[in-house]
Amino acid sequence: DTAAWTKEDPQWMLRLVNPWNRMPDGYVPELTTLTNGLQVDSRCYPALQQMMDDCRAAGFSPIICSAYRPWETQIRLFNTNVERLKQQGMTQEQAETETAKAVAVPGTSEHHTGLAFDITVPGVSFKGTKQSNWISQHCWEYGFILRFPKDKSEITGITYEPWHYRYVGKEAAKAITDGKITLEEYLGRTDRSNPVKP
1 DTAAWTKEDP QWMLRLVNPW NRMPDGYVPE LTTLTNGLQV DSRCYPALQQ
51 MMDDCRAAGF SPIICSAYRP WETQIRLFNT NVERLKQQGM TQEQAETETA
101 KAVAVPGTSE HHTGLAFDIT VPGVSFKGTK QSNWISQHCW EYGFILRFPK
151 DKSEITGITY EPWHYRYVGK EAAKAITDGK ITLEEYLGRT DRSNPVKP
């Protein structure tokens, strides 16, 4: 719904972007630049900064390694993976289908919204670390959710990503976390017909 993608929309934090719901062409949020040069939607920046500060105060060292991503970047990431799979013997269609399982089709990446970001920690895999556990336990307090949880890829269309978090606001974050559901389930939008084509 292109009409919902306005700065005045009171439900801006709940815009659904997934393999079946593409963003309107040309949408760019108002952005705030982080100290490492990455950018996020300015409206979720204070909550993100507070969560990172509190995580560091608890003795951890989280690093935001990916945040807002322009369409051009997503196109490059998607096409690079497609070409790699084609070199392994897949057809164009097979490579695009396989790529879409791990790399969002341009226009369907939450990183385009500026409301999603990936976290890492220096020198180790983020999954299963104390930092990961702290953030997954406390993120809802700041309005964030683990966007692609384990055993939910049939609903989200994306494989488990323990590093990918999304701002949805405190009310929705608490309901989603308490209910152990996805954003799709919270919004009642689990229709998987008509995926966006590359």
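Taken in order, the sequence shown gives residues 1 to 198; the numbers are from my numbering.
We treat Cβ as the ideally placed atom computed from N, Cα and C, and that holds for glycine.
Per the coordinates, the alpha-carbon of I135 lies some 24 angstroms from the alpha-carbon of E154. The C-alpha of V17 lies about 19 angstroms from the C-alpha of T177.
Check the Cα spacing between I64 and each of T35, W71 and L85: the tightest is with T35.
Cβ-Cβ separation between L14 and L187: approximately 7 angstroms, consistent with a contact (criterion under 8 angstroms).
With at least 16 other beta carbons inside 10 angstroms of its own, V168 counts as buried.
Each residue's CA atom was taken as its position, placing W5 and P198 some 22 angstroms apart. The alpha-carbon separation between G157 and I181 amounts to approximately 14 angstroms. In this chain, the beta strand (DSSP E) harbouring T32 covers L31 to T33. From the listed residues K7, Q11, M23 and R192, the smallest Cα separation to V105 is found for M23. From the listed residues W163, V40, C139 and D53, the smallest Cα separation to P70 is found for V40.
Boundaries of the beta strand (DSSP E) harbouring C65: I63 to S66, taken from the DSSP string. The straight-line gap separating the alpha-carbon atoms of E171 and W12 is approximately 13 angstroms. Residue state for V121 is assigned as strand, using DSSP reduced to three classes. By the neighbour-count criterion, in which 16 or more other beta carbons inside 10 Å mark a residue as buried, N21 falls on the buried side.
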